[in-house]
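Chemist: To start, I am sharing the structure in question, which I have written as structure tokens.
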Amino acid sequence: MTVEIKRNECVVKRGGTPVATGRKQGFLLYLNADYGTECHMAEGDTELWHRRLGHVSYGTLNAMVKDGRIKGATMKTNVACDVCATSKQVRKSFKTSEEDAETREISRSDVVVCSDVLGPITPASKSGFSYAVTFIMMKSRYVTVYPLQKKSDVASAFKRFYQDIKTASGTKIKVLRSYNGGEYRNETMNSFCKAKFIKQEFTVPYNPEQNGMAERMNRTLVEMTRCMLKESCLDKSYWCEALMTAADIRNILPNASNKSSSPHEMVFKKVPRIDHMRVFGAQCYAHVAKEKRKKLDDSGVRCFFLGYAKDQKSYRLLNADDGSIVISRSVMFAEHSVSKASKSRDTRVFDVIEEEESVEASLPDDEDIPAPVTEEELRTPTLRAQNSSHPGPSDRPSDTIPTRASSTPGRNGEEEWMVRPVRKKRGVVRYEQEFPSHRRGRFNLDDYEGDFDSFYCFSAEEDGEQASSYQEVMKSSYKEQWLQAMKSEMKSLEEHSTWKLVDMPPGKKAVGCKWVFKIKRDPSGKIIKFKARLVAKGFTQRPGIDYNETFAPVARKESINTVLAIAAAEDLEAENVDVDTAFLYGEVEEEIYEDQPDGFEDERSPKKKCLLQKALYGTKQAARQWNNKLSQHLVDQGFKSSTADPCVFVRVTREEYSIIVIYVDDLMIFCKTKEHIASIKNSLMEDFSIKDLGDLKYCLGIEIHRKRDGTIKMNQKSYIKRLSEKFGVENCKDVHTPADSNSKLIKMGQEEAFVPKYPYRELVGALMYIATCTRPDIAHAVGEVAKFCELYDKSHWTAAKRILKYLKTTQDLSIVFSDINKGELIGFVDANWAGDLDTRRSTTGYVFFLNGSAISWNSKRQPTVATSSTEAEYMSLYSATQEAIWLRGLLKDLNYCAKNATTIFKTIKVASAVIALEFKPTEEMVADGFTKALPRDKHSKFITGLCMAV
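Using the UniProt record's numbering, you'd call the opening residue of the sequence shown number 1 and step up by one each time.
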């Protein structure tokens, strides 16, 4: 080695090649530790480089040795490799004609891109991906891989690829060649290509040879992936990591069409380094920062190599102990040792970022420490993602869909290792770019692509302050509140004697457990409680061994409405109680062992297991055991369960008329006097720990407002307001009908439909909840948009948003319970013959009133096609009669107004001995709004007919 000193700078060379730089200070030379253009390790032989480069062909390897790209290795031919022989076996190919060769020479340019989709690949990757799409630049053969959850995400991937390539290399794509699939032929892809002046070329159906370059590249990548997984002994679910690494390798290797330059060199005009390359799955040891270990703890952790984290100049590693993902630059490799990674490990994915070191030191003596990877090198635009932090509360998703990226280094002063567990909750994902440009694009809600998850992406929580794991609690700004909630939960568990610590017998299997955290808010969104709940991982229970029966009922919405109507008419007192840790009162009949909870392990017996005595939350039978316990208590107190709804209990005496409605651990109590309610509460407190919530004002997300003039109003104003803010319509113009009466929604064909890029299902689900609970006026409109959850486009999304805008406009509209027409149960039923344009099925709509208040309503398609309007009317009448019989049974159990026949108004005349039918013309039919969209004047009349008011 030689050292050249120029003024205060120095360069260390080996064989004329710079290996380090530094500065002179006094008589000492200080070398930059993070600099390196060559790998500080012993040069590997040919077989080792063959493995490092994903089992590349020896022809390509010899060419690299000859060109001097690989130093120290010898040229070899016909070397037998067992992994290649078993993983790359193919049929003998046909000879290529001269005409085909001439055709392939046409349009060979990087402005032409070929694309193909891989998958479905089983098993799915650790991040839930089952597909991958490749984009190959025609001239250079530069390949980019994007993992996908489903094929329909191809359009989103191509948009990112276009921008990434344009930003990184200045190349503007002019032609996209692909096979004739729906993922390439859709309006999203067509619109984007037209806007960017990109010509789309498609293969003839069932002729994949016309897209031969993409097909061959996919075969090459799959072969490399198969070889690397086979040699590494890693589970096949790591195929995504192996595929990304394979793409990285192909981009730095010369190929048959470009023997003197690699794809990376042709695209980015720089010769890539290869001295940092390592064998996929090789054992290695990552450095653990001193801040993360004690004095006598190991300074390294054993890992397996998974690929390259480009933006961080480091490696992606799999922690051999806990299955977490480690990103580190200080790594020692043992490439000659074949990894023995467990194939059955339940791998948890972490984003572990190692802070960049800026210290200056002498060149390391250890030859196995690799040089860092620079930003400009080996840039395959693979999908990597970082966790998106939310400093404050948020009930609405971000109105941006950020771009994808690899994890970025920590802020100055952060610890070297920052572990962030994968979050499971719904929400909007954030991405950052992988290419040198760090611009972050912003998109409108209409461009939302919630189904396109990034590689190891993290979902944003619906509540920014809400923790998702014990580890996150320890880092939370609300740590003390969460810890207090956990201690309160553990105290409840101890008071209920939930388990006892025992040595688990041989042959038994323990059920896991975890902490679940929830912030409870009042209707205005103010935090009222931090709640921690220890739950069992019930999905690990085995049927017939750990559980048998699991069904547990809850009260129907119609039952709650019926009891509220009775309470308003009879002026009953109504209060609400909540049972604390309700499931812990249910006794377990099976023998179930469970792990000790995080943060509360017994120091004296850390290896013992918890033998459950009570039904812990999360166990399959917990809800059933609690329901049985509570039901038995109420029966012992003289209550009788309704045969129509087993969660409605009634007790009738000369002095008392009491009703209890149960929804899991929430009890709604209705009595003639406050004294009777107090008596029931006292009896409950003898067996259970309850929380007295006072007068019934808020239950199951529904606001209840009572006036002592005999009226009770029920609405979801606060929920509608939060939903409007979440979907960005809080400042919309007023809309006075939930649907356009002059248009019909129809199903789009597979090829002409939009890629599902809107949060459509999320919005429709929220609308269905509102329509079921308090807003019968949107029942038909919601039913219409719900039919297209599998295949929808912008017209359906617009229709769903119109419903939300209507709700925002009429958010004060309420169901009103009163004493009008006291003691009467009447119904209206109607049908819209062949109203569904796609299936020609008819629509049934009905609504029932008790004491002049709507208690039950429905709008749905009939199960079969009616051959006439009369048949459709009879089918709708059948559904309404079923509901009438059920309601009469419920009222009979409640000892309330079931003596006279129920009157059902219909637009046809029918004689019946079971129910009393009366004819109503269409203009007077209240149920008409449940079967079709109405214009504004008729819709206003419809609301009046439902007895709804502000």
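Note that the Cβ used here is the ideal one computed from N, Cα and C, for glycine as well.
By a C-beta neighbour count over all protein chains shown, 10 Å radius and 16 as the cutoff for buried, is E790 buried or exposed?
Modeler: Classification for E790: exposed.
Chemist: Hey, C513 and D595 are a contact pair by Cβ (cut 8 Å); roughly how many whole angstroms apart?
Modeler: That pair is a contact at about 6 Å.
Chemist: Starting from the C-beta of L837, find all residues in its chain whose C-beta is less than 6 Å away, skip the five residues before and the five after it, and write them out in chain order.
Modeler: Here the set comprises K744 and I746.
Chemist: Would DSSP call D833 helix, strand or coil?
Modeler: Strictly speaking, residue 833 in this sequence is Trp, with Asp absent from that position. W833 falls in the coil class under three-state DSSP.
Chemist: Just checking, does the region 49-66 make contact with the region 202-211 on the three C-beta pairs under 8 Å criterion?
Modeler: No, the region 49-66 is not in contact with the region 202-211.
Chemist: As a quick exercise: from A20, N8 and M768, pick the residue whose alpha carbon is nearest that of L28.
Modeler: The candidate whose alpha carbon is nearest that of L28 is N8.
Chemist: Nearest by alpha-carbon distance to S257: which of H736, W857, R141 and V735 is it?
Modeler: Of H736, W857, R141 and V735, the residue nearest in Cα terms is R141.
Chemist: Please classify E655 as buried or exposed, where buried requires at least 16 other C-beta atoms within 10 Å of its C-beta.
Modeler: With fewer than 16 Cβ atoms within 10 Å of its Cβ, E655 is classed as exposed.
Chemist: Using the rule of at least 16 other Cβ atoms within 10 Å of the residue's Cβ for burial, across every protein chain shown, is F517 buried or exposed?
Modeler: Buried, because 16 or more other Cβ atoms sit within 10 Å of the Cβ of F517.
Chemist: Compute the Euclidean distance between the alpha carbons of Q882 and L493, then round it to the nearest angstrom.
Modeler: If you take the alpha carbons of Q882 and L493, they lie about 45 Å apart.
Chemist: Starting from the Cα of E587, find the closest Cα among M228, A574, N627 and V563 and give me that residue.
Modeler: Of M228, A574, N627 and V563, the residue nearest in Cα terms is N627.
Chemist: By DSSP, does I820 sit in helix, in strand, or in coil?
Modeler: Three-state result, I820: coil.
Chemist: Using a threshold of 8 Å, state whether the C-beta atoms of residue 964 and D578 are closer than that.
Modeler: Past the edges of the chain, shown from 1 to 950, lies residue 964, and the structure says nothing about it.
Chemist: Where does A776 fall in DSSP's three states?
Modeler: In the sequence as presented, Ala is not what sits at residue 776; that position holds Pro. Helix.
Chemist: Terminal residues of the continuous beta strand (DSSP E) containing H939?
Modeler: Looking at the DSSP string, H939 is not in any beta strand (DSSP E); the run it does join, the alpha helix (DSSP H), is R936 to G945.
Chemist: Specify the secondary structure class of P543 as computed by DSSP and reduced to three states.
Modeler: Correct three-state label for P543: strand.
Chemist: Could you check if H796 is buried or exposed, using at least 16 other CB atoms within 10 Å of its CB as the buried criterion?
Modeler: That one is buried.
Chemist: Does the beta-carbon of T2 have 16 or more other beta-carbons within 10 angstroms, so that it is buried, or is it exposed?
Modeler: With fewer than 16 Cβ atoms within 10 Å of its Cβ, T2 is classed as exposed.
Chemist: Please go through the same chain and pick out, in chain order, the residues whose beta-carbon is closer than 6 Å to the beta-carbon of Q200, but skip the five residues on each side of it.
Modeler: Within the same chain, Q200 has close Cβ partners L176 and C193.
Chemist: Does M137 come out as helix, strand or coil in the three-state DSSP assignment?
Modeler: In this structure, M137 counts as strand in the three-state DSSP scheme.
Chemist: From the DSSP output, read off the bridge partner residues of W499.
Modeler: L612.
Chemist: Give me the residue from K531, S559, I660 and I136 with the minimum Cα distance to L483.
Modeler: The shortest Cα separation from L483 among K531, S559, I660 and I136 belongs to K531.
Chemist: Considering only residues of the region 850-920, which uninterrupted beta strand (DSSP E) runs meet the minimum length of 3 residues and lie entirely inside it, listed in chain order?
Modeler: Runs of the beta strand (DSSP E) inside the region 850-920: 853-861, 903-906 and 916-919.
Chemist: Per the contact definition of three or more C-beta pairs closer than 8 Å, is the region 303-318 in contact with the region 259-269?
Modeler: Flag = no, the region 259-269 and the region 303-318 do not touch.
Chemist: Which value, in whole angstroms, describes the spacing of the CA atoms of S631 and P646?
Modeler: So the two alpha carbons sit approximately 9 Å from each other.
Chemist: Determine, using beta-carbon pairs with one atom in the region 792-811 and one in the region 756-765, whether at least three such pairs fall under 8 Å.
Modeler: They touch, by the three-pair rule.
Chemist: Among V288, I855 and D830, which has the Cα closest to the Cα of T844?
Modeler: It is D830.
Chemist: What's the C-alpha gap between N851 and T653?
Modeler: So the two alpha carbons sit approximately 23 Å from each other.
Chemist: Using a threshold of 8 Å, state whether the C-beta atoms of D893 and V511 are closer than that.
Modeler: No, Cβ-Cβ distance for D893 and V511 is not below 8 Å.
Chemist: What residues in its chain sit with their C-beta under 8 Å from that of M228, if we drop five residues either side in the sequence?
Modeler: Only G54, H55, A242, T245, A246, F280 and G281 meet the Cβ criterion.
Chemist: Could you check how far apart the C-beta atoms of L234 and F161 are, in whole angstroms? I think they sit under 8 Å.
Modeler: With a Cβ gap of about 27 Å, L234 and F161 do not count as contacting.
Chemist: Considering only the beta carbon of each residue, do E703 and Q716 sit closer than 8 Å?
Modeler: Going by C-beta atoms, E703 is nearer than 8 Å to Q716.
Chemist: Buried or exposed, going by whether 16 or more other CB atoms sit within 10 Å of the CB of E575?
Modeler: Answer is buried; the Cβ neighbour count reaches 16.
Chemist: Is the number of C-beta pairs between the region 497-509 and the region 604-619 that are closer than 8 Å three or more?
Modeler: Contact holds: three or more Cβ-Cβ distances are below 8 Å.
Chemist: May I ask you to list the residues that DSSP assigns as paired with Q25?
Modeler: According to DSSP, which records beta bridges pairwise, Q25 is partnered with L28.
Chemist: Could you check if Q25 is buried or exposed, using at least 16 other CB atoms within 10 Å of its CB as the buried criterion?
Modeler: Exposed.
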